[in-house]
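Be aware that the sequence shown starts at 1, since it is given in UniProt numbering, and climbs by one per residue. Backbone N, C-alpha and C define an ideal beta-carbon position, used for all residues, glycine too. Note sheet for the following structure.
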Amino acid sequence: MPVTGRSRRDRNNVLNRPEFISLNQPLRTNSAEVRGSGRRAPKQQCQHQASESAPQESSENNKERRESIKLPDEDCMQLNPSFKGIAMNSLLAIDICMSKRMGICAHSTSSFGSMRSMVKLLALTGHGIPWVIGTIWCLTRSNTLAGQEVLINLLLALLLDIMTVAGMQKLVKRKGPWEMTPSFLDYMAMDVYAFPAAHASRAAMVSKFLLAHLVLAVPLRILLVLWAVLAGTSRVLLGGHHLSDVGFGFALGYLHYTLVEMVWLSSATCQTIIALGSFSWMPI
Numbered sequence: 001m002p003v004t005g006r007s008r009r010d011r012n013n014v015l016n017r018p019e020f021i022s023l024n025q026p027l028r029t030n031s032a033e034v035r036g037s038g039r040r041a042p043k044q045q046c047q048h049q050a051s052e053s054a055p056q057e058s059s060e061n062n063k064e065r066r067e068s069i070k071l072p073d074e075d076c077m078q079l080n081p082s083f084k085g086i087a088m089n090s091l092l093a094i095d096i097c098m099s100k101r102m103g104i105c106a107h108s109t110s111s112f113g114s115m116r117s118m119v120k121l122l123a124l125t126g127h128g129i130p131w132v133i134g135t136i137w138c139l140t141r142s143n144t145l146a147g148q149e150v151l152i153n154l155l156l157a158l159l160l161d162i163m164t165v166a167g168m169q170k171l172v173k174r175k176g177p178w179e180m181t182p183s184f185l186d187y188m189a190m191d192v193y194a195f196p197a198a199h200a201s202r203a204a205m206v207s208k209f210l211l212a213h214l215v216l217a218v219p220l221r222i223l224l225v226l227w228a229v230l231a232g233t234s235r236v237l238l239g240g241h242h243l244s245d246v247g248f249g250f251a252l253g254y255l256h257y258t259l260v261e262m263v264w265l266s267s268a269t270c271q272t273i274i275a276l277g278s279f280s281w282m283p284i
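Encoded structure:
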């Protein structure tokens, strides 16, 4: 069978050999690779986004877990507390412990509960309402200018003591070691909280005031100082105040006395106040 010229040319062409056939065919894999890469690209992007979102979600979950198990500040222990903080906490603990032990008349079932009524009577002598009422009554009965001057200034000191102690108690809002319920007179005198001790402040101020402006014998002066100490301590025995409350109350009472001495009202001013209070104005 004769061989045509075309078949001869194809046979003689080197590129038609089997090892060179791939050079003559078009690159079909390019489009396939492009399609494959186009298909794989979204998958890779999704995987990349998933890998990026995974740490974010894990970090958010960790934060939520930390917040859920986060303890309150008062339950956390300071690893490196200061010396001042350690000293203050130690003194506070000693104050609370000693005040609770000294509350021997806090309840009728306490170790000295039978003396509760006597101790309450002693504490009543340092209450503000009886002292204010008694001072006003003595002022109405006094006929001397010197006596009226002393009583007006004493009344000013009592009102200053009541207002100052009530303001500080409202600000601090510290409760007593046994958290006793305030009485009706305590509500009237705004003596609801423990710090500072109003009875101790009043007893210290009144005793210092009377010692400075009354002529008393030595036994009476000693009894007056002893009364101030017992009136302040009685509140600790009843479980209404801490020892620190009473100590600060004594210091505050002395400060009130010092302030009243600095702004001491003269006799003429006292007579003007008495005239205004009795609604009978008379020129002096």
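1) What first and last residue would you give for the alpha helix (DSSP H) that runs through HIS199?
2) Note down the Cα distance separating TYR187 from ALA166, rounded to an integer number of angstroms.
3) Any chance you could list the alpha helix (DSSP H) runs of at least 4 consecutive residues sitting entirely within the segment 142 to 175, in chain order?
4) What is the DSSP secondary structure of SER110, counted as helix, strand or coil?
5) Would you grab the beta carbon distance between SER99 and VAL236 for me? Rounded to a whole angstrom, and I think it's under 8 angstroms.
6) Provide the residue span of the alpha helix (DSSP H) that contains GLY249, from first to last.
7) Since LEU151 and SER142 should fall inside the 8 angstroms C-beta cutoff, what is the C-beta to C-beta distance between them, to a whole number of angstroms?
8) Is it the case that the Cβ atoms of HIS241 and ASP95 are separated by a distance below 7 angstroms?
9) Kindly indicate the opening and closing residues of the alpha helix (DSSP H) around PRO219.
10) Mapping DSSP to helix, strand and coil, what is ILE104?
11) Measure the alpha-carbon distance for GLY277 versus ARG101 and round it to whole angstroms.
This is what the structure holds:
1) As a working note, residue 199 is residue 199 in the sequence shown. Boundaries of the alpha helix (DSSP H) around HIS199: 198 to 213.
2) In the sequence shown, the residue the question calls residue 187 occupies position 187. In the sequence shown, the residue the question calls residue 166 occupies position 166. About 10 angstroms.
3) 145 to 172
4) Position 110 of the sequence shown, counted from the start, is the residue given in the question as residue 110. DSSP places SER110 in coil when its eight states are reduced to three.
5) Counted from its first residue, the sequence shown places residue 99 at position 99. Counted from its first residue, the sequence shown places residue 236 at position 236. Between VAL236 and SER99 the Cβ distance is about 6 angstroms, and since that is below 8 angstroms, they are a contact.
6) On the sequence shown, residue 249 is found 249 positions in, with the first residue counted as 1. Counting along the chain, the alpha helix (DSSP H) containing GLY249 begins and ends at 243 to 262.
7) Residue mapping note: residue 151 aligns to position 151 of the sequence shown, counting from 1. Residue mapping note: residue 142 aligns to position 142 of the sequence shown, counting from 1. Sure, about 6 angstroms apart at Cβ, within 8 angstroms.
8) Taking the sequence shown and counting its residues from 1, the one referred to as residue 241 is at position 241. Taking the sequence shown and counting its residues from 1, the one referred to as residue 95 is at position 95. Their beta carbons are not under 7 angstroms apart, which means HIS241 does not touch ASP95 by this criterion.
9) Stepping through the sequence shown from its first residue, residue 219 is reached at position 219. Segment 218 to 237, the alpha helix (DSSP H) holding PRO219.
10) Stepping through the sequence shown from its first residue, residue 104 is reached at position 104. Coil.
11) Numbered from 1 along the sequence shown, position 277 holds the residue referred to as residue 277. Numbered from 1 along the sequence shown, position 101 holds the residue referred to as residue 101. Going by the C-alpha atoms only, they are around 48 angstroms apart.
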